[in-house]
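For what it's worth, this note's numbering labels the leading residue of the sequence shown as 474, then goes sequentially.
Contents: one structure, followed by commentary.
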Amino acid sequence: MKFHLPYKLLLLSILLSFLFGYMYRKPISVSSPLNIYASAIIVVIGIVLGFWTKRTILSRKTTLVPSGMPSMLITSGPFTFSRNPMHLSYFMIVSGIALYFQTIFSLIISLAYLFYINFKIIPLEEQNLFSKFPQEYQKYYQKVRRWI
């Protein structure tokens, strides 16, 4: 796994959603102001969650690098309700953009992003955490859900 792979995937997903959203602007359903507000709220919540998570990680002086070995197990802040709040924030941003465009391509991109993160990136991160904090992470793993 590369250093910035989740960030690159996030940016690529956003770029492709915008590209296909504008190229194939044939919504799945009728667009309405409610759709625009809902997508904006999801994106803003995703951004706020991302900043909150980053602030929590940096305040504990551990790594933001997904493939890096953390110096401590964080179970406070956004980590009390999700084991992967940063990935959750990224998915919310990509999903909010997909909701705004309402194209099948944007939907496919957001689902592909979710599946790749869920089945490739997160298992590697969990493996690192299990090896570094075997007992603590086992308790945390059983107590807190992967997403929400």
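Every residue, glycine too, gets a C-beta built ideally from N, C-alpha and C.
In this structure the segment 504 to 514 does not lie against the segment 582 to 601, because fewer than three pairs of beta carbons, one per stretch, are closer than 8 Å. Arginine 618 is classed as exposed because its beta carbon has fewer than 16 other beta carbons within 10 Å across all chains shown. No residue range can be given for phenylalanine 592, since it is assigned to no alpha helix (DSSP H) and is classified by DSSP as neither H nor E.
Taking the C-beta atoms as reference points, tyrosine 614 is found no nearer than 8 Å to leucine 546.
Apart from the 5 residues on each side of it in sequence, threonine 536 sits with its Cβ closer than 6 Å to the Cβ of Pro543 in its chain, given in chain order. Proximity to tryptophan 620 across Val567, Ser579, Ser555 peaks at Ser555, based on C-alpha coordinates.
The C-beta of phenylalanine 574 has 16 or more other C-beta atoms within 10 Å across all chains shown, which makes the residue buried.
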